[in-house]
Every structure is written in structure tokens, then in C-alpha cells.
Amino acid sequence: MVDTSNDWIVQRVGILQRHIAPPEMATSDLAVEAAKVALEQRGIDGAELDAILVCTVTPDMLFPSTACLVQDRLGAKRAWGFDLVAACSGFIYGLTTAAHLVSSGSHKKVLVIGSDTMSRIIDYTDRSTCILFGDGAGAMLIEPAEDGETGFIDFNNQIDGSGGDYLKQPAGGSRMPASAETVAQRLHYVKQDGAQVFKYAVRKMEECSRELLERNGLTVNDVAVMIPHQANRRIIAAAAERLGISCDRVVINIDQYGNTTGATIPLATRDALRGGKLKKGDLVLFAAVGAGYTVGANLWRWQM
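Under the numbering used here, the first residue of the sequence shown carries the number 361, and numbering increases by one thereafter.
Right, here's the structure in full:
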């Protein structure tokens, strides 16, 4: 459908495979499955949740929110929640929000879910986007740390709306409602200026992470593992080089999933745990850059 090859894709972005949800499976379906895994690992059920945050740019529909659909299917009768739209930085924004809800003392169990079916908004005749994105979901349960332990340390989240035109889905909102013309012009798909996004992502992922470390009196040598958003292997490698952190301490799994937007951080964290890269007591740095532009970094002391 497009002028490309497996070798070109692997060389340019580092992706070997992507996963595509079947037509009958929506973002909420993926989110529920991820949530069930997280709850089962913790040994609790949905009734114990206080809040559910679904980080996505591909909701089942504009309203009701995907969080409402997930809450109902999980039986989370006590929980409130909402969808958080921050593109590829969404999960980091969700972690930041959940950490503050818990640290305030008002919440004990906040479920953060990153879930996206990007295949539904990708133009498979556009080489600049169709090779990048896949579908997926992941979830984390945020709870108070034990006495004497530190979990969430700090965050550095930013937005820069001047870059809004470089990565967007033009039609479908109040600015450009759906019509026969917008469908014919393929304006309900992701549009990207890859060169602009690449340069901005490399610079801001490094700057945002460095600022966060310096503000907390830390250096990259203190970081056990960096878990970045999985947009492009070359972006991750370039940002890591600028930051001065060795690649063996950076989780890269884009080869297995492609860019799953809100799901990349939890999926990469799962793989870091399984691979022994992330252990109890480790200092972990999460970082992402997404459409908007959105930028985010979190520091956590892993306690599981």
C-alpha cells in the first residue's frame, strides 16, 4: 500500500512487529483486560478502586468517557474517573495525577490505564504514520507507600501548543466536524510532520529529564532504569545519548509493539520487570513527548 520495506522500517524506526485489534475490539475492551491483569496481580477487585484514569486519544466515543465504560465492567462501584488526553505523554500525566490524589490522603487505590487503538485513526496509505503505530493497553495501580518508603518523588510536565500543527488529527472535533468532505479528504487520520516531531522529541525528552534530576539533586548515575515513550528507536537513542545514560539502562521495546501511544510506558515497565531491569528500590525515570506538544517526566522509587 505504501513504498516501503521491512528493512527500511527496521532501520528508520526500529519496529519489527505491531499488534492490531480486531474490528469488534475497542479501546475500552483493551483497557478492561489490562486493568484485570493489574488487579489480579495485586490480589484485589474493582470494588476496591477509588479512581480510574484512562489515558487515551482513541476513546470508544467522545462521550461517555472510556473511564465510565471501564468502571462499569470492572464493578468499581466506589470509583470516579475520567479520560486524560495528552497523546503520547498521557500515561505520565496520569501517573502524576494519581500520585497527587494518593499523596493527598484522599485516595488509596487509583488505577491508571493507558489504552489506544491507533489503527482506527491511521491512514495506511501514508508511509510517515502507518509504519509507526500499533494497538495496546497497560495499567498500573497507584497506592500509598509503606512507612519509611518513598514512591513518587517528583514530576516535570510541560505543554507547548505552538507545535500543535505538527502532529494532529484534524477532523472530528468542533473545529472541523465530520462531513462527507472531511472523510473524502482523509482528515480523520493522524497527520504528522516527522522531521519537526523528531527534533523536538529528542531535545525536550532530554531537557525535561535533566531538569527533573537536577531539581532533586540527582544525576543520571542515580537512575537504575529509564523508561521512555516508545515512538522511534532513533529518538530514544538520541535522547539517551544527550542525557548521558547508557543504553543498557534504557528500556526499548518498540520493536515488539510499535508506538501504542498511551500504552507504551506501562508495556515497557512490564517488560522491564519481567527482564529484571527494574527491581524494588530502584530509581526509575519515565519520560515522554507527544502531540500538542506535550512533554512529561516522572521520578519514582519502585517499591514492588
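Cβ coordinates follow ideal geometry from the N, Cα and C atoms, glycine included.
Nothing here was measured: the structure is a model prediction, and the numbers come from that model.
By the 16-neighbour rule on beta-carbons within 10 angstroms, arginine 630 is buried. Pairing alanine 538 with alanine 531, the inter-Cα distance amounts to about 6 Å. Methionine 565: member of the alpha helix (DSSP H) spanning 554-575, first to last residue.
Secondary structure at glycine 406: helix, using DSSP grouped into helix, strand and coil. Contact between alanine 394 and alanine 497 holds: CB atoms are separated by about 4 Å, below the 8 Å threshold. In this structure, the CA atom of alanine 597 is about 28 Å from the CA atom of tyrosine 549. Comparing C-alpha distances from cysteine 415 to each of Gly374, Tyr526, Gly474 shows the shortest one belongs to Gly474. Minimum Cα-Cα distance from glutamate 503 among the listed residues Ala458, Lys528, Leu659 corresponds to Ala458. Taking every protein chain shown into account, the CB of phenylalanine 515 has 16 or more other CB atoms within 10 angstroms, so this residue is buried. Annotated as proximal: methionine 565 and valine 649, with beta-carbon spacing under 8 Å. With distances taken between CA atoms, alanine 651 lies nearest to Ala591 out of Ala591, Thr426, Lys640.
Under the three-state reduction of DSSP, serine 488 is assigned to helix. Assignment of methionine 586 by DSSP, reduced to helix, strand and coil, places it in the strand class. Counted as a single uninterrupted DSSP element, the beta strand (DSSP E) harbouring asparagine 517 occupies residues 512-519. If you draw a straight line from the Cα of leucine 527 to the Cα of glutamine 616, it is about 23 Å long. Here phenylalanine 423 is exposed. Its C-beta has fewer than 16 other C-beta atoms within 10 Å.
Counted as a single uninterrupted DSSP element, the alpha helix (DSSP H) harbouring arginine 372 occupies residues 366-373.
DSSP, read as helix, strand or coil, puts threonine 579 in coil. Methionine 478 sits in a helix when the DSSP states are folded into three classes.
Beta-bridge partners of asparagine 619 (DSSP): Phe493.
Counting every other CB atom within 10 Å of its CB across the protein chains shown gives methionine 586 a total of 16 or more, marking it as buried. If you look at glycine 652, you'll find it isn't in any beta strand (DSSP E); DSSP assigns it neither H nor E. Beta-bridge pairing by DSSP links phenylalanine 646 to Ile587, Asn658. With respect to the 8 Å criterion, threonine 542 and aspartate 476 are not classified as neighbours on the basis of their beta carbons. Assignment of beta strand (DSSP E) within the stretch 447-472, counting only whole runs of 3 or more residues, yields no such run. In the three-state reduction of the DSSP assignment, aspartate 432 falls in the helix class, which pools H, G and I. Checking the DSSP bridge columns, you'll see phenylalanine 442 partnered with Leu413. Counted as a single uninterrupted DSSP element, the alpha helix (DSSP H) harbouring glutamate 601 occupies residues 593-603. For valine 543, the three-state secondary structure derived from DSSP is helix.
When DSSP states are grouped into helix, strand and coil, alanine 499 belongs to the strand group.
In its chain, beyond the 5 residues on either side, Gly406, Ala407, Leu409, Ile412 have a beta carbon closer than 7 Å to the beta carbon of alanine 436.
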